[in-house]
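Residue numbers (the UniProt record's numbering), protein chains in the order written: chain A, 1 to 554; chain B, 1 to 99.
Glycine residues also receive a C-beta, built at the ideal position from the N, C-alpha and C atoms.
Presented below is the structure to which this report refers.
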Amino acid sequence: MYSYSEFDTAFLAERNAQFRAQVERRISGALTEDEFKPLRLMNGLYLQRHAYMLRVAIPYGTLNAAKMRKLAEIAERWDKGYGHFTTRQNIQYNWPELKDVPDMLDALAEVGMHAIQTSGNTIRNVTADHFAGAAADEIADPRPVAELMRQWSTDHPEFQFMPRKFKIAITGSPNDRAVTRAHDIGIRMVERDGARGYEIIVGGGLGRTPMIGKVITDFLPEADLLPYLEAIVSVWNQIGRRDNKYKARIKITVHEHGIDEIRRLVEERFVETRKTFSGVDVQMLREIEGHFAPPAFVQADTAPYARALETYPAFRAWTDTNVTPHRDADHAIVTISLKKHGDTPGDASAAQMRLIADLAETYGYDEIRISHEQNVILPHVHKASLPSIYSALRAEGLATANIGLISDIIACPGMDYCALATARSIPIAQEIATAFDDLKREHEIGALKIKISGCINACGHHHVGHIGILGLDRAGVENYQITLGGDHTEQAKVGDRVGPGFSADEVVPAIERIVDTYLDLRTSPEEEFIDTYRRTGLAPFKAALYPETKVAAE
Amino acid sequence: MPKAFTPKVVTANHLLAGDVIYQTADGWSRKLEEAEVLTDEADADLRLIEASQQVDEVVGAYLADVAVEDGVPVPTHFREEFRATGPSNYAHGKQVELS
């Protein structure tokens with residue numbers, strides 16, 4: 001776990017004191033809302049539909065028990081006893097009162113946490129593979145690089161008032177779990193001739209103009225990372241459009257100028273930025289890496305685990321879906337589902353957060369991760385501890401065995417909370433999960449990712465869901481468009497729109513028709529939904545969803 | 001022919017708590033049923049200006065369409081319905097006050 005320096009601690013204290021004074025001036029009337037709004041947004045504080053919302057950064061999704069317990073304490077003391085984990089690996093509190101926010105920020109600072117750059121037109125919280133440092137398929141842990149980028153981008157004077165927000169994601173594995181191709185900059189750690197470097201992807205993003213990022217360089221030497229990133233962001237800051245909010249993202253800049261021209265401009269700028277980096281950034285990276293050293297993995301007998309697998313079918317089902325191979329053969333990665341059927345995706349109560357903290361401390365080397373899929377990870381667990389963990393999770397309603405299945409749905413807060421949303425997301429997710437749980441078909445269906453957004457901004461990543469659902473307002477009624485075939489992995493693809501939208505009542509039957517069509521079409525139970533879709537295309541699904549169109553055509 | 005003016009209420013978020021509030025004849029209420037219904041466009045514009053000037057109490061005031069049923073205003077758009085009743089996943093928003 002990276003420990004912040006005295007400089008960081010002093011910086012947070014000063015920043016929080018500054019914001020406390022700003023809140024006081026807003027409450028006294030000395031600041032108008034127009035004056036106060038950019039200040040509160042710089043500290044992660046939004047005003048949403050029903051209340052304020054505080055978005056707290058969880059850099060690269062990494063936590064320890066102390067931080068998780070602090071998040072639980074904040075949820076209980078100043079909110080309604082829960083928090084919402086997001087697709088940006090952050091946590092959001094949906095009900096703080098304005099006067100309490102400075103105290104909340106001070107409480108966060110006690111464990112080195114903050115809400116800086118979780119909003120505004122700046123470089124946002126850097127995200128990373130949620131299995132970082134533990135995955136069996138990993139080239140290297142991407143988190144030290146993410147931490148270096150966090151330090152580089154925090155309060156960077158050139159990048160505080162850019163055309164729009166800017167999101168960076170990094171993965172150290174060839175299997176992309178960080179959605180790198182749908183970020184402003186995606187970074188893939190690669191090796192060439194024994195040397196470590198980076199493939200840099202630029203101009204991805206979802207929202208109203210979804211685009212898959214393009215490779216600007218397939219191998220960037222390690223020492224060039226920060227100057228090259230600085231060159232990219234600097235070029236975009238200079239030529240990115242500011243005339244239209246919806247065209248102000250780098251994906252539009254790349255699209256309008258072409259990747260070759262952007263590459264030329266970045267290379268040109270890089271000549272300048274390279275000179276300003278003395279190499280201290282690489283020294284810092286080496287120091288940071290020391291903070292992310294793997295734990296001293298314990299040796300223990302795995303026989304109890306093997307016995308439990310044979311004895312308890314429910315435990316076996318949970319391990320089949322929620323446990324992933326670890327780099328150490330005797331260890332495992334545990335994904336704790338925050339998608340219990342019928343619950344709100346991504347929400348965790350204070351009690352659940354505390355249990356996860358306890359488990360991390362007792363069985364998980366004090367390591368916790370948040371996934372962009374709104375679940376919680378214990379990245380290092382000895383297999384002998386898995387039965388105990390399962391029992392403890394079950395008692396707190398956290399042992400749902402559905403990771404990667406149809407009820408493991410990403411859902412943004414939607415119109416229930418978000419001021420931008422045009423329809424609700426949460427009830428749709430709840431209905432789908434409950435319906436398929438009632439039918440007990442999830443495991444038969446297998447791997448299938450549903451992602452739901454309550455508006456065109458696509459916080460629920462619907463474009464890259466195998467089944468994507470977008471909630472819209474059609475003449476004062478909630479209406480849901482469906483896309484199929486989206487993919488967030490290294491084979492990233494934006495889904496295909498199936499046709500006219502569905503009313504809220506029609507969504508679950510529509511999903512059932514899609515699933516039935518898949519089950520009829522698949523060549524074997526091993527052929528996953530996305531593979532069937534790639535093989536057959538949209539036509540059979542469209543025919544199932546709009547039979548009247550087929551009849552009319554005949 | 002000018003479009004008929006539909007009844008409206010002035011609504012906003014409370015500065016300190018952030019929750020949804022409605023302008024009444026002499027203040028603010030958290031209950032839509034207590035809101036002042038504005039049936040005249042000039043009156044509505046004036047009341048909105050008054051509300052917008054209360055910068056130390058409210059944020060983001062605007063006019064929302066309502067219908068009047070049994071003498072009380074009710075939302076005509078689902079967004080305003082959710083603002084009046086709270087989120088649909090937990091009964092701990094306005095539902096608590098309304099029950």
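To which residues of the same chain is residue i closer than 6 Å at the C-beta, ignoring the five residues directly before and after it?
i	result
A:L405	E442
A:L41	S119, G120
A:A72	A350, M353, R354
A:R522	T532
A:D366	N64, A65, A360
A:K340	G397, T400
A:I262	V254
Going along chain A, which residues have a C-beta under 9 Å from residue i?
i	result
B:D45	Result: empty, since nearest Cβ-Cβ is about 20 Å, beyond 9 Å.
B:L16	I27, E97, L98, K99
B:R30	Going along chain A, no residue has its Cβ under 9 Å from B:R30, so there is no contact; the nearest lies around 11 Å.
B:F5	Result: empty, since nearest Cβ-Cβ is about 18 Å, beyond 9 Å.
Skipping 5 residues on each side, what residues in its chain have a beta carbon closer than 7 Å to that of residue i?
i	result
A:L220	G197, Y198, I200, Y228
A:A553	Per-residue confidence for A:A553 stands at a pLDDT of 48, beneath the threshold of 50, marking its modelled position as unreliable; the derived number appears in the next sentence. Counting only Cβ-Cβ distances below 7 Å, and skipping sequence neighbours, we find nothing.
A:N90	R55, V56, A57, I58, T118, N125
A:M211	G203, G204, G205, K251, H255
A:M104	L54, I74, W78, P96
B:V37	P7, V9, V66, V68, P73
Comparing alpha-carbon positions, which option in the options lies nearest residue i?
i	options	result
A:Q48	A:K167, A:M415, A:A146, A:T523	A:M415
A:E110	A:W95, A:P144, A:M68, A:Y93	A:M68
B:G18	A:Y546, A:Y82, A:C418	A:C418
A:I356	A:E268, A:S388, A:T127	A:S388
A:L309	A:D320, A:E526, A:T335, A:Q89	A:D320
A:T32	B:D40, B:Q53, B:D26	B:Q53
A:T86	A:F19, A:I426, A:I187, A:D103	A:I426
A:A401	A:A411, A:P500, A:N375, A:C412	A:N375
A:I368	A:Y93, A:W318, A:D129, A:I116	A:D129
A:S453	A:I410, A:V494, A:I445, A:E431	A:I410
A:I170	A:H156, A:I187, A:D176, A:F161	A:I187
A:E230	A:A293, A:R269, A:A317, A:P500	A:R269
A:D343	A:I27, A:H84, A:R497, A:L265	A:H84
In the DSSP assignment, what residue or residues form a beta bridge with residue i?
i	result
B:K8	B:L38, B:D65
A:P325	A:A332
A:N479	A:L472, A:S503
A:E92	The question names Glu, yet the displayed sequence has Gln at residue 92 of chain A. Paired residues: A:R55, A:H84.
A:E199	A:R188
A:Y417	According to DSSP, A:Y417 bridges with nothing at all.
A:L45	A:L54
A:T62	A:R369
A:T532	In the DSSP output, where bridge partners are listed per residue, A:T532 has none listed.
B:D45	According to DSSP, which records beta bridges pairwise, B:D45 is partnered with nothing at all.
B:V74	B:A67
Assuming residue i and residue j are in contact, meaning their beta carbons sit under 8 Å apart, how far apart are those beta carbons, in whole angstroms?
i	j	result
A:A539	A:G471	Contact doesn't hold; Cβ gap of about 25 Å is too wide.
A:I139	A:S173	7 Å
B:V66	B:P7	5 Å
B:T55	B:N13	Per the sequence shown, the amino acid found at residue 55 of chain B is Val instead of Thr. About 12 Å separates the two Cβ atoms, so there is no contact after all.
A:W95	A:A51	5 Å
A:V464	A:D487	6 Å
A:H291	A:M1	7 Å
A:I232	A:T253	Not confirmed; about 10 Å, so no contact.
A:T517	A:A475	At roughly 29 Å, the Cβ-Cβ gap does not stay under 8 Å, so A:T517 and A:A475 are not in contact.
A:N43	A:F19	5 Å
A:L448	A:I467	7 Å
A:I428	A:A504	7 Å
Report all residues from its chain with a CB closer than 8 Å to the CB of residue i; omit the five preceding and five following residues, and keep chain order.
i	result
A:L226	L148, M149, W152, F277, D281
A:E76	A350
A:Y363	L378, V381, H382, S385, S388, I389
A:E548	none
A:K245	R164
A:V551	Low confidence applies here, because A:V551 scores a pLDDT of 46, under 50, leaving its location unreliable; read the following figure in that light. Closer than 8 Å at Cβ, skipping near neighbours: no residue.
Along chain B, which residues have their Cβ under 7 Å away from the Cβ of residue i?
i	result
A:K80	H92
A:E33	V55, V59
Residue i touches chain B at which residues, Cβ-Cβ below 8 Å?
i	result
A:E76	Under the 8 Å cutoff, chain B gives no residues; its nearest Cβ is about 14 Å from A:E76.
A:H50	G18, D19, V20, R83, G86, P87, G93, K94
A:Q430	N89
A:E24	Near A:E24 there are no residues of chain B at all, since even the closest Cβ is about 12 Å away, more than 8 Å.
Can you pull the chain A residues whose beta carbon is under 8 Å from the beta carbon of residue i, in chain order?
i	result
B:G27	Per Cβ cutoff of 8 Å: no residues; B:G27 is ~17 Å from chain A at best.
Verify the contact flag: residue i, CB atom, against every heavy atom of the ligand PLP, threshold strictly below 7 Å.
i	result
A:R25	This structure lacks the ligand PLP; in fact it carries no ligand of any kind.
Chain A partners of residue i, CB-CB under 7 Å?
i	result
B:V10	Near B:V10 there are no residues of chain A at all, since even the closest Cβ is about 16 Å away, more than 7 Å.
Just to make sure I have the definition right: I need the residues of chain B whose C-beta is within less than 9 Å of the C-beta of residue i. Which are they?
i	result
A:T180	Under the 9 Å cutoff, chain B gives no residues; its nearest Cβ is about 31 Å from A:T180.
### Query
Which residues, taken in chain order from the region 140 to 171 of chain A, show a beta carbon closer than 9 Å to some beta carbon of chain D?
Any reference to chain D falls outside this structure, whose protein chains are A and B.
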